[in-house]
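Undergrad:
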Amino acid sequence: MFIINCPYCGERDQTEFSCGGEAHIERPKQPTELSDDQWAEYLFMRKNIKGIQFERWNHIHGCRKWFNVVRDTSNDKIHAVYKMGERPPIK
Amino acid sequence: MSNNLRINKNNFIDQTVRISFKFNGKKLFGYKGDTLASALLANNIHLVGRSFKYHRPRGIMTCGSEEPNAIVQVDKDPALTDPNVRATEIELYEGLEAFSQNCWPSVNFDIGGINNFLSPLLPAGFYYKTFMWPASFWEKYEFFIRHSAGLGKSPTKPDKDLYDHQYVHSDVLVIGGGISGILSAKLAAEKGLNTMLINDKSYLGGSTIYQDDDIFKIDNETSNVWLKKQIEELKKIPNLKIKNRTSVAAFHGYNYLLARENLTDHLSAHERKEKIRQRLLKIRAKKVVIATGAIERPLIFNNNDRPGIILSSSIKKYIDYYGVKTGENISLFTNNDSAYETAISLIKSGVKVKVIIDIRENSNSILSDKIEKTGTKILRGYTITNTGGYKRINSIDVMKLSKDGGSVIGNKITYKCDCLGISGGWTPMVHLFTQSGGKLKFRNNDNVFIPDENKTPSEQISVGSSNGDFELDDVINNTIKNIKIFLGLDKNKYENLDIKCSKEKQKRNIWLLPSNKPISKTKPFLDFQNDSTAKDVKLALREGFKSIEHVKRYTTTGMGTDQGKLSNMHALGIIADTTGTNMGELGTTTFRPPYTPLTFGAIVGRNVGEFFDHTRRTAIHDWHVENKAEFENVGQWKRPWYFPKNGETMYQAVQRESKAARESAGILDASTLGKIDIQGEDASEFLNRVYTNAWSKLSVGKCRYGLMLNEDGMVYDDGVTTRLGENHYIMTTTTGGAANVLSKLEDYLQTEWPELNVYLTTVTDQYSTMSICGPNSKKIIKKIIPSLNLSDESFPHMSFKNSKIDNVNCRIMRISFTGEHSYEINVQSNYAKDVWEKCINAGKEFNITPYGTETMHLLRAEKGFIITGQDTDGTLTPSDLQMDWIIGKKKYDFIGKRSLYRSDTIREDRKQLVGLLTDDPKEVLEEGAQLVESLEKPIDMLGHVTSSYFSPNLNKSIALAVVRSGKKLKGKKLIVPMENKNINVTITDTVFYDKENKRLNA
Ligand SMILES: [Zn+2]
């Protein structure tokens, strides 16, 4: 069980958070212009990498803020935490 | 029976305190400080159980948590009985009562023992191969298997004991109370770090604390005397907490560990009263030191499982620590120097060592030289090929090993003995290290898996024999050196200790020792608890199993309650030998938590009974209780289900309540519906985006029903939202969906539409809601709030007014979930019960009838209103629900809109919501029942019933269902096949009652 450094509250136990899956999947601005395949790409396709993954997390039992986490899924090491709308600090 | 098995050592056992206990009903005595195992051995009881598959007699084999055989049932009380407890870990207390397991009818006469003679028929995978086929026979086998096999019995009554959870935060956590753990904890604590030392025994010091031979000396004192001084100093350090009788069960990432502290298991029944039995420690440590030691390996040879065959180091502990002789005529069998330490202890205590069989050609160490000088017979380069005896070993057959160790040569020599100590070397306890994510490396010279320092998770270290150091000087020097770096310490007093000890010079390892018989005629046990032999492993390999994880499951090696602590290494060794693989490449099976079994009590702690989950009660709850409501759990809420009168059944009460609500007036506590206060200048735009219909044009003071979808186009939640002001709305959600809807809306606001100026606040608990419906509802409201203009012009359906009931502010909405003329009163929760009682009093003359969720469901079903989560299941679009009218066609976008015309969602043969009428109006369908067109096989399932009731207002059975292409099937006859009859139904419209909605304004 890891410790997450909420950008608003600081370090807290993982149990206070919930994971919202892959980050940086932007909701299309004009969904009606998209083909079925393009929409399906947004709707269903997620990477689920073994290694460095960019994720959305919500401090659900805390400040209720959403933010981004860079986590290595092979060892749960968290490499960076940054706010929504910010660019990932690492590639 | 011999009475002189106890010698007077008096070091650790208090022979002035006699303790009486019972084993298998027989009254016995031991002393304070004994374990159940040591007390049994002192009473010359070795046979304690039967093995799992062959029911062979099995005896105490170890003195610790690795014990595979001596697992017992403790206590007879059906609420307190504890199965599968290791006798080697039970501290003796007055009145202890323990029983053998896995033997029927008794340990001395066991009917399953017949399996032993059938064993050629019970090879690896026997259970899979035989009992799984033919499947119909399983029922017949099951009785026999469950009766004669199986381990302990679960308690049959609720656990009376108290359990606790505690969070622990420490700078340094040291796991293990042996010499390396003690030195690590001392160095950490003396540096001023907040330190915790966890030790699974009742005493500190590990095996060094009873090592009193002068071969082992530290600064000119025997190692036990020196260590004792360190422990005395340790106990005085204020920033060090010592947790004895505590075992780490799991080591997770980020140094999060779970440990079970035993607080009363060593106490007699009257001393336990009112005390917490076990505490689960949830530890977060900045740094962790693993000092869990090593356990001795057995040797794998023919019939190596007889009672009286004990690990050599355990024999030493029984004599040195407990003062118990495990036999009077003991022989030792070894591949390393450890057995010679045991021999020294035995000889010192006056126990005869008949012969030491050492598979090595020579040993040349201080230890073996010392034994050599005593004149003890040592057979070098020999092995044991067989053992004799049934309920206790009585002889060993010994033969010379060939040079390559693959066979035996020469003549067989037989020795009598009543106990055999075996030592196959040492296995570092790396379970916790690997659980935490560490990777192992294989050390070839002594065949051990040890922590790879390059693949160790950060902020942890392994020291001592759990790190592969087995000699006293290596243990101390490496621990000191590595802890110094790990904790960033300066020079310390332990750096230049004068340590004397014996050093092992010769090594020889043979995983499966040969016999003069072919392997098929031998029983070399690997896993003593699960009865798998080396033969089984070889058979599995022949049958094509390659992965060690598969071999493990197929042969059940390592799958007992001991999790293969003794057996896994040999299984790996035999696989490696047989397949010609290097053990390092083979790797190990996965070490999973818990390291030792945990009680369910410790896991759940105080979260039992009423504390299992939170209970939410509405502000009006007490009134419901006073008025004899039956309650239903909806999420965490307790909601009135129905209000039975005069012994009514649920059916009768619901029929009465439903009729009253339509004929005069009903009242419902709707406070559990989720309420979200929405404010901000973009509130209308926000609602436009989250609901399927249009919101911009809703004027202040009006209410609107809304449907919310997921991005995949499926209905997610629904409810009425009211515009309280220009930029102020109050949204209602379903009871169960409240928290998730809020989270989902927050998610969109924060991540997709941060440009919107909108604030969401949950006010579910702050406001209470009561809904009054029926033709007389208007008169009741008039009585409570005479000043309110209730005309349809001033206060039409789907509108809202702020008002006051006496001095209490309230919001009144004219909305209806029943199809009746109705009002919803919202007040601040602390006034709710008072306002509710006012409504009841005002409604008395109209027979106002409180109703619960069941009547609410019936009334809305009569109107064909859906309940999300009952009539929907996350696979239905608005169109599937025949609710196309609620899609804002002109809206550019809303959550889920694009999905409504994906190729899959526009299919016409999707399941769609329909109404159902039974041909026999009295026949009520079961919710969940399947719908089919014909009974000809194969039967095509068309859909299922989602809601079903007997409607008292229509005097017939009604139901809602989802049916493939249902929209097109109105009038179609279908069949609901039930267990003992087939029910004929007809597809209808979803609205059964008041199709023209005349009653809303009645
Ligand atoms: Zn936070």
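Protein chains in written order, with my numbering: chain A, 29 to 119; chain B, 122 to 1123. Backbone N, C-alpha and C define an ideal beta-carbon position, used for all residues, glycine too.
(1) Counting only beta-carbon atoms, is Thr-555 (chain B) nearer than 8 Å to chain A?
(2) Mind checking whether the beta-carbon of Gly-90 (chain A) lies closer than 7 Å to any heavy atom of ligand 1?
(3) Per DSSP, which one or two residues make a beta bridge with Glu-417 (chain B)?
(4) Taking 7 Å as the line, does the beta carbon of Lys-350 (chain B) fall inside it for any heavy atom of ligand 2?
(5) How about Ala-191 (chain B) and Gly-170 (chain B): do their beta carbons lie closer than 8 Å?
(6) To the nearest angstrom, how far is the alpha carbon of Tyr-952 (chain B) from that of Asn-930 (chain B)?
(7) Which residues of the region 1013–1030 of chain B have a Cβ closer than 8 Å to any Cβ of chain A? Give them in chain order.
(8) Beta carbon of Cys-47 (chain A): closer than 7 Å to some heavy atom of ligand 1?
(9) Using C-beta distances below 7 Å, list every residue in its chain close to Pro-68 (chain B), excluding the 5 sequence neighbours before and after it, in chain order.
(10) Under the assumption that Ile-451 (chain B) contacts Val-474 (chain B) (Cβ atoms under 8 Å), give the Cβ distance between them as a whole number of angstroms.
(11) Mind checking the region 361–373 of chain B against chain A and listing, in chain order, the residues whose C-beta falls within less than 9 Å of any C-beta there?
(12) Does any residue of chain A have a CB that is nearer than 8 Å to the CB of Gly-558 (chain B)?
(13) Glu-867 (chain B) versus chain A: which residues are under 7 Å apart at the beta carbon?
(14) Would Gly-964 (chain B) and Arg-783 (chain B) qualify as a contact pair, given that the criterion is a beta-carbon distance under 8 Å?
(15) What are the residues of the region 104–116 of chain A that lie near chain B, defined by any Cβ-Cβ distance shorter than 8 Å?
(16) With distance defined between alpha-carbon atoms, name the residue in B:Ser-466, B:Leu-1090, B:Leu-794 nearest to Leu-1052 (chain B).
(17) Measuring CA to CA, which of B:Lys-766, B:Gln-991, B:Glu-212, B:Asp-1005 is closest to Val-1066 (chain B)?
(18) Grab me the residues of Gly-509 (chain B)'s own chain with a C-beta within less than 7 Å of its C-beta, minus the 5 sequence neighbours each way, in chain order.
(19) Excluding the 5 residues preceding and the 5 following Met-253 (chain B) in the sequence, name in chain order all residues of the same chain whose CB lies nearer than 6 Å to its CB.
(20) In three-state terms, what does DSSP make of Tyr-70 (chain A)?
(21) Which chain B residues sit within Cβ distance under 9 Å of Arg-40 (chain A)?
(22) Below 7 Å, is the gap between the Cβ of Tyr-36 (chain A) and the nearest heavy atom of ligand 1?
(23) How would you call Ser-557 (chain B), buried or exposed, if buried means at least 16 neighbouring beta carbons within 10 angstroms?
(24) I need the straight-line Cα distance from Asp-839 (chain B) to Asn-831 (chain B), nearest angstrom please.
(25) What are the start and end residues of each continuous alpha helix (DSSP H) run of 4 or more residues lying completely inside the region 892–951 of chain B, in chain order?
(26) Since Cys-34 (chain A) is in the alpha helix (DSSP H), which residue starts that stretch and which ends it?
(27) Using a Cβ-Cβ distance cut-off of 8 Å, determine whether His-268 (chain B) contacts chain A.
(28) Run down chain B in chain order and give the residues with a C-beta less than 7 Å from the C-beta of Arg-55 (chain A).
(29) Within the 8 Å Cβ cut-off, does Met-29 (chain A) reach chain B?
(30) From the beta carbon of Glu-832 (chain B), is the nearest beta carbon of chain A less than 8 Å away?
(31) Take the Cβ of Asp-927 (chain B) as the centre, count every other Cβ of all protein chains shown within 10 Å, and call the residue buried at 16 or more, exposed below.
(32) Out of B:Gln-650, B:Asp-790, B:Asp-1041, B:Met-852, which has the shortest C-alpha to C-alpha gap to Trp-816 (chain B)?
(33) Give, in chain order, every unbroken run of the alpha helix (DSSP H) that is at least 4 residues long and sits entirely within the region 783–851 of chain B.
(34) List, from N- to C-terminal side, the alpha helix (DSSP H) runs of 4 residues or more that fit wholly inside the region 579–638 of chain B.
(35) Considering only the alpha carbon of each residue, which of B:Phe-1113, B:Lys-865, B:Ser-636 lies closest to Tyr-837 (chain B)?
(36) Quick one: is Trp-85 (chain A) near chain B, going by C-beta distance under 8 Å?
TA: Short version:
(1) By this cut-off, Thr-555 (chain B) is not an interface position.
(2) yes
(3) B:Trp-547
(4) Judged by which ligands are present, ligand 2 is missing from the structure shown, whose ligands are ligand 1.
(5) yes
(6) 9 Å
(7) Cβ contacts with chain A come from Tyr-1013, Asp-1014, Lys-1018, Arg-1019, Ser-1020, Arg-1023, Ser-1024.
(8) Not so, every heavy atom of ligand 1 lies at least 7 Å from the Cβ.
(9) Because residue 68 (chain B) is not part of the residues shown, which for chain B are 122 to 1123, the question remains open.
(10) 6 Å
(11) His-373
(12) yes
(13) Arg-92
(14) no
(15) Asp-104, Met-112, Gly-113
(16) B:Leu-1090
(17) Checking every option, the nearest Cα to that of Val-1066 (chain B) belongs to B:Gln-991.
(18) Asn-515, Ser-516
(19) Caution applies to Met-253 (chain B), whose pLDDT of 48 falls short of 50 and renders its modelled position unreliable; the value that the coordinates give is listed next. So the list is empty, once near-sequence residues are dropped.
(20) In the structure shown, Tyr-70 (chain A) sits in a helix (DSSP, three-state: H, G or I).
(21) Within chain B, no residue comes near Arg-40 (chain A); the closest Cβ sits about 11 Å away, beyond 9 Å.
(22) yes
(23) Classification of Ser-557 (chain B): buried, given that the 10 Å Cβ count is 16 or more.
(24) In a straight line, the C-alpha of Asp-839 (chain B) is about 12 Å away from that of Asn-831 (chain B).
(25) 898–905
(26) Run containing Cys-34 (chain A): none in the alpha helix (DSSP H); it sits in the beta strand (DSSP E), 31–34.
(27) At His-268 (chain B) the pLDDT is 49, less than 50, meaning the model places this residue with poor confidence and gives no usable figure here.
(28) Near Arg-55 (chain A) (Cβ distances below 7 Å), the residues of chain B are Glu-873.
(29) yes
(30) yes
(31) Classification for Asp-927 (chain B): exposed.
(32) Closest option to Trp-816 (chain B), Cα to Cα, is B:Met-852.
(33) 804–811
(34) 593–608
(35) B:Lys-865
(36) no
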